[in-house]
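Residue numbers (our numbering): 3 to 281. Glycine is no exception: its CB is placed at the ideal position from the N, C-alpha and C atoms. Note that the coordinates shown come from a computational prediction; the quantities given were computed from them, not determined experimentally. Worksheet for the structure shown next.
In structure tokens:
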């Protein structure tokens, strides 16, 4: 379960958002997140309104209605309230609003209603990213702007996003004797090799969950660096700047293996991207 921010990567992204989009006095749409405290947003960004559209799953929504769950994040959602996406055009004029739903399903009633869009660590999760970008573009007023930073993307060293989301009921992915699954194993190793690497140290349940997280879960979109650049370039935004972020040099052996397996791919050294765009 997520925790209440701001975390370091979130505050860094907010800093870039303020620089790029000057959100003071503007109506802002956040894609993903929902865990930045209203007080922090009000102080840092000073928007007229901050509306967060987040794909909160049924488990989280169940916790929101369950007063027995002890979590800062759930308490935050209970305090601010969670609205339905279909009612976005009728949301209150509160300065901070959380809406449960997918950006793909944004109502035509909110087209051209936002001055700026912010997103951090979300685009690597969004399926049908081209459609999502189209909806984001439509929600902006003419002259509106977007800033997003996101990582780790699938083509990077830890693009599998694991073990960050291992369910504690399955087991722990923290056996120091096992070492760490090597960078890019999700791209270069087979399922059998990963399972063999883990077998001396982890239970079958943890291994099964690892393989599910690497190759099956829909929690990540598994787009490569150049996929993002192509999708972004094909979007409707008139002015866009895309930058690979946080480059981590690869050793020659790993780079050679990646180039042999993915000869038309590039950007393996970039864990993430920053995108600034205007409508």
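Excluding the 5 residues flanking it on each side, residue 142 has same chain C-beta neighbours closer than 6 Å at 116, 281, in chain order. Counting only runs of 3+ residues, the beta strand (DSSP E) found wholly inside the segment 11 to 70 occupies 29 to 33, 51 to 56, in chain order. With respect to the 8 Å criterion, residue 239 and residue 139 are classified as neighbours on the basis of their beta carbons.
At least 8 Å separates the beta-carbon of residue 186 from that of residue 207. For the pair of segments examined, the segment 86 to 94 was found not to touch the segment 8 to 28: the number of CB pairs separated by less than 8 Å stays below three. Straight through space, the alpha carbons of residue 196 and residue 213 are spaced by roughly 8 Å. In the structure shown, residue 116 adopts extended strand secondary structure according to DSSP, grouped into three states.
In this structure residue 273 is in contact with residue 155, their Cβ atoms being roughly 7 Å apart against a cut-off of 8 Å. Under the DSSP assignment, residue 227 falls in the alpha helix (DSSP H) whose first and last residues are 227 to 235. For residue 276, the enclosing beta strand (DSSP E) covers residues 274 to 280.
Scanning 275, 260, 236, 199 for the CA closest to the CA of residue 247 turns up 275. Linking residue 191 to residue 31 through their CA atoms gives a straight-line distance of about 39 Å.
Judged by their CB atoms, residue 99 and residue 51 are nearer to each other than the 8 Å cut-off. Counting along the chain, residue 152 sits inside the beta strand (DSSP E) bounded by residues 142 to 152. Between the C-alpha atoms of residue 114 and residue 28 there is a straight-line separation of about 13 Å. The C-beta distance from residue 124 to residue 34 rounds to 3 Å, short enough to meet the 8 Å contact threshold. By the neighbour-count criterion, in which 16 or more other beta carbons inside 10 Å mark a residue as buried, residue 63 falls on the exposed side. Distance from the Cα of residue 220 is smallest, within the candidate group 264, 228, 128, 119, for 128.
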